[in-house]
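Okay, so here's the structure we're looking at.
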Amino acid sequence: MAPRVTGSSRRECGENHALVPGGAAARVAPMSLRVLYSEADIRRRVRELADEIRPLYAGRNPLLLGVLKGSVFFLADLARALAIPMEVDFVRLASYGDGTESTGFVRFAHDVERPLRGRHVLVVEDIVDTGHTLHFLTSTLATRQAASVRVVTLLDKPARRQREATIHFTGFAIPDLFVVGYGMDFAEAYRHLPDIRVLEGDCAAGGEETSRTGAR
Ligand code: IMP
Ligand code: MG
601 MAPRVTGSSR
611 RECGENHALV
621 PGGAAARVAP
631 MSLRVLYSEA
641 DIRRRVRELA
651 DEIRPLYAGR
661 NPLLLGVLKG
671 SVFFLADLAR
681 ALAIPMEVDF
691 VRLASYGDGT
701 ESTGFVRFAH
711 DVERPLRGRH
721 VLVVEDIVDT
731 GHTLHFLTST
741 LATRQAASVR
751 VVTLLDKPAR
761 RQREATIHFT
771 GFAIPDLFVV
781 GYGMDFAEAY
791 RHLPDIRVLE
801 GDCAAGGEET
811 SRTGAR
């Protein structure tokens with residue numbers, strides 16, 4: 601049977617399957633997509649998160665800072681569920697790889713546009729995996745005189761953590777699975793799915809490229 605696409609097996613996909621920019625999706629071998637969280641599950645949990653987060657930010661005009669691209673759907677739903685005055689901005693991060701996995705060498709591909717000084721910043725992530733991305737982002741933001749910086753992530757894979765990353769609000773903690781949908785991709789495919797699914801099957805297209813090349 602074909603191996604499951606997990607965080608670990610992604611690293612074993614090997615360099616033989618380097619992605620072709622723009623043509624990546626076509627190279628994904630047949631895989632199955634098992635629903636992990638339905639649209640209703642997500643809607644319910646986003647509302648709960650909003651109810652937990654809202655009291656901390658009401659009257660503070662928070663800045664929701666989304667990490668492109670994966671967090672876009674979550675941020676859009678969370679912002680509307682929060683339903684308080686706020687601003688929205690985005691960063692895009694890329695990691696230099698050693699060719700095998702996401703490493704600690706992360707950089708801004710697109711930095712924050714709004715000044716952060718004195719602002720209450722809520723970082724919005726799709727998923728925290730090794731923690732390298734979030735560690736880089738929060739340690740960088742810590743130098744920018746924000747009034748507060750907190751982190752909400754829809755998904756957390758604690759078993760994969762290599763770097764300490766503080767998360768204040770978590771939608772769902774999940775095991776070491778590779779998930780797609782609701783903004784999250786495999787080689788840029790599947791972001792449009794309305795639910796969150798586990799990608800299982802043949803490891804054909806070098807999934808680690810999605811994190812190495814910054815297609816977050
Ligand atoms: P990190 O390993 O914590 O630095 O995670 C970097 C980024 O990789 C996340 O923000 C996601 O965009 C992406 N990523 C990690 N795990 C998955 C997954 O299971 N599916 C889709 N993207 C993932
Ligand atoms: Mg992300």
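The sequence shown stops at residue 816 when you use the working numbering, and every number in between is there. Each residue gets a CB set at the ideal place from its N, CA and C atoms; glycine is no exception. From a predicted model like this one, the values you see are computed outputs, not experimental measurements.
By the neighbour-count criterion, in which a residue is buried when 16 or more other Cβ atoms sit within 10 angstroms of its Cβ, S739 is exposed.
D785 sits away from I642, with the two beta carbons spaced by 8 Å or more. Beta-bridge partners of H720 (DSSP): S748. Of G801, H710, A683 and L777, the smallest CA-CA separation from D729 is found for L777. In this structure, H732 has its beta carbon less than 7 Å from a heavy atom of the ligand IMP. Within 10 angstroms of the beta-carbon of S632 lie fewer than 16 other beta-carbons, which makes it exposed. Inclusion of R744 and L716 in the CB contact set at 8 Å is warranted, their separation being smaller than that value.
With contacts defined as CB atoms closer than 8 Å, L636 and V779 qualify as a contacting pair. Take S748, set aside five residues on each side of it, and the residues of its chain with a beta-carbon closer than 6 Å to its own are H720, in chain order. Here G771 is actually not in contact with V672; their C-beta atoms are around 15 Å apart, not less than 8 Å. Beyond the five residues adjoining it in sequence on each side, R761 comes within less than 7 Å, by CB distance, of T730 and G731 in the same chain, given in chain order. Taking 8 Å as the cut-off, the Cβ atoms of A765 and H735 count as close. When distances are taken from the beta-carbon of G670 to the heavy atoms of the ligand IMP, the shortest one is below 7 Å.
Take the alpha-carbon of L649 and the one of F769: they are about 7 Å apart.
Taking 7 Å as the cut-off, one finds no heavy atom of the ligand IMP near enough to the beta carbon of D641. Per DSSP, the unbroken beta strand (DSSP E) holding R634 starts and ends at M631 to Y637. Closest in alpha carbon position to D756, among D726, G781 and E687, is D726.
Inclusion of L663 and E687 in the CB contact set at 8 Å is warranted, their separation being smaller than that value.
Closest in C-alpha terms to R647, from the list R634, L799, A694 and L754, comes L754.
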